[in-house]
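The sequence shown stops at residue 274 when you use UniProt numbering, and every number in between is there.
Even for Gly, the Cβ is constructed at its ideal location relative to N, Cα and C.
Report on the following structure.
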Amino acid sequence: MEKPFYGRTGALDNAHQGVPVSTTRFLSGKSAKWFPSLLTVPQRILHSITEGDGIECSIIRFLQLGCVYEELRRRHTDPKRHGLLLREILKWYQTLHRESEKSECLNDNRDTDLFQPFVPTYNLRVMKDDQPVGLYTAVTRRAVTLIGKDRELNDIPLDHPSCSAQHAALEVRFVYAFAEDLEQQFTTWLEGQAIDWNSVEDIVKLCVRVREIMSNLGDGEDTWSMELQVLDLGSTNGTRLNGEALQALQPTTLIEGDVLTFAFSSRKYVVVRS
């Protein structure tokens, strides 16, 4: 069987007769602030999982790789070199798994060969003066929902003048259960380490250490979930979750009852179950 590819492509495709993504984005030639993380759930995979078909458990290896990259990317001081960083991590990964690449689940004693995480079907209810004025349905059935004033680019338009053209994004991501523990332990280990980000040897050392920590914490199928997250795209006047300002470009998980507000708009966007 052909080996599946779980790369970035597909996050914005209008697959499956336009459901749930109606049009392919970014065709206008405008520069976009949002880009998919390696942990963003591609649209085709999201559709397969939400339809109950699942996905081959070989994706767990890709998620482990994505977690390594995201952990290192956040600490790399030069965003222009993130592409080179990813290339070196991919080389390390290919060398590590060249002889051991398999398609079965990584979790021991599993009888199934499918990965089937669960994410609730959330809607986004728009409130103005405590009255509902709109509803965006099934936002967890889209890999990404873009929010802002630019109506050509965004799925949820914001008309208030204080909002940015590309203000925020909702996206469904794979989330590692021990992400906070991983960050804390890796940060502690990094203290006193002299890292040369231009050194392939140092990057490999970092990759190995992240994987060691993940292996000790646990990194099988049951340590991964899918969650709806919000991301402020560096907007001028900010995004607030339950009244608290979000840090730009830092994904934050949303749950039922959460309230989003954008810039100085009085409208509230409430996360509700379908």
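For D53 and P161, what's the separation of their Cα atoms in angstroms? Here the question's residue 53 lines up with position 53 in the sequence shown. Here the question's residue 161 lines up with position 161 in the sequence shown. Their Cα atoms are separated by approximately 43 Å.
Sheet register partners of I156 (DSSP bridge): Locating residue 156 in the sequence shown gives position 156, where the first residue counts as 1. DSSP output for I156 lists I147 as bridge partner(s).
If I measure Cβ to Cβ from D150 and keep anything under 6 Å in the same chain, skipping five residues before and after, which residues do I get? Locating residue 150 in the sequence shown gives position 150, where the first residue counts as 1. A165.
Cross-strand partners of L226 (DSSP beta bridge): As a first step, residue 226 is located in the sequence shown; it is residue number 226 there, counting from the start. Note on residue identity: the sequence assigns Met, not Leu, to residue 226. BP columns for M226 point to F174.
Please report the distance separating the alpha-carbon of K205 from that of P117. The residue given as residue 205 occupies position 205 in the sequence shown. The residue given as residue 117 occupies position 117 in the sequence shown. Taking the Cα positions, K205 is about 31 Å away from P117.
Thinking C-beta only, is V68 closer than 9 Å to Y93? Locating residue 93 in the sequence shown gives position 93, where the first residue counts as 1. Locating residue 68 in the sequence shown gives position 68, where the first residue counts as 1. Yes; because the gap between Cβ atoms is below 9 Å, this pair is in contact.
Under 8 Å Cβ to Cβ from L135, same chain only, skipping five residues before and after it: list those, please. Along the sequence shown, one-based indexing puts residue 135 at 135. The residues are N123, L124, R125, V126.
Reducing DSSP to helix, strand and coil, say where P132 ends up. Here residue 132 corresponds to residue number 132 of the sequence shown, with the count starting at 1. DSSP places P132 in strand when its eight states are reduced to three.
Using a Cβ-Cβ cut-off of 7 Å (strictly less than) and excluding sequence neighbours within five positions of T252, which residues of its own chain qualify? As a working mapping, residue 252 is identified with position 252 in the sequence shown. Contacts found: Q229, V230, L241, L246.
Where does R267 fall in DSSP's three states? Your numbering for residue 267 matches position 267 in the sequence shown. In this structure, R267 counts as coil in the three-state DSSP scheme.
Run through DSSP, which three-state label would A168 get? Counting from one through the sequence shown, the residue named residue 168 turns up at place 168. Strand, per DSSP.
Using the Cα positions of T223 and L182, report the straight-line distance between them to the nearest angstrom. Here residue 223 refers to the residue found at position 223 when the sequence shown is read from its first residue. Here residue 182 refers to the residue found at position 182 when the sequence shown is read from its first residue. When rounded, the distance between both Cα atoms is 12 Å.
Hey, could you find the ends of the alpha helix (DSSP H) F62 is sitting in? Taking the first residue of the sequence shown as position 1, residue 62 is located at position 62. Segment 59-73, the alpha helix (DSSP H) holding F62.
Going by CA-CA distance only, name the one from K91, I55, E51, L38 that's closest to R73. Against the sequence shown, residue 73 aligns to sequence position 73. It is L38.
Between the C-alpha atoms of V139 and T145, what's the straight-line distance to the nearest angstrom? Here residue 139 refers to the residue found at position 139 when the sequence shown is read from its first residue. Here residue 145 refers to the residue found at position 145 when the sequence shown is read from its first residue. Distance between the alpha carbons of V139 and T145 is about 7 Å.
In DSSP terms, what M127 is bridged to: Residue mapping note: residue 127 aligns to position 127 of the sequence shown, counting from 1. DSSP output for M127 lists P132, K268 as bridge partner(s).
Identify the continuous beta strand (DSSP E) that holds F186 and give its terminal residues. Here residue 186 refers to the residue found at position 186 when the sequence shown is read from its first residue. Segment 179-190 is the alpha helix (DSSP H) holding F186; no beta strand (DSSP E) there.
Inter-residue spacing [alpha-carbon to alpha-carbon] between I203 and H82: Taking the first residue of the sequence shown as 1, we reach residue 203 at position 203. Taking the first residue of the sequence shown as 1, we reach residue 82 at position 82. The alpha-carbon atoms of I203 and H82 are separated by roughly 12 Å.
In the DSSP assignment, find the alpha helix (DSSP H) that holds V210 and state where it starts and stops. Sequence index remark: in the sequence shown, residue 210 carries index 210 (1-based). Looking at the DSSP string, the run of the alpha helix (DSSP H) that includes V210 is 200-217.
Name, in chain order, the residues that DSSP records as bridge partners for Y122. Here residue 122 refers to the residue found at position 122 of the sequence shown. According to DSSP, Y122 bridges with R273.
What does R240 pair with, by DSSP beta-bridge criteria? In the sequence shown, counting from the first residue as 1, residue 240 sits at position 240. Paired residue(s): A245, T261.
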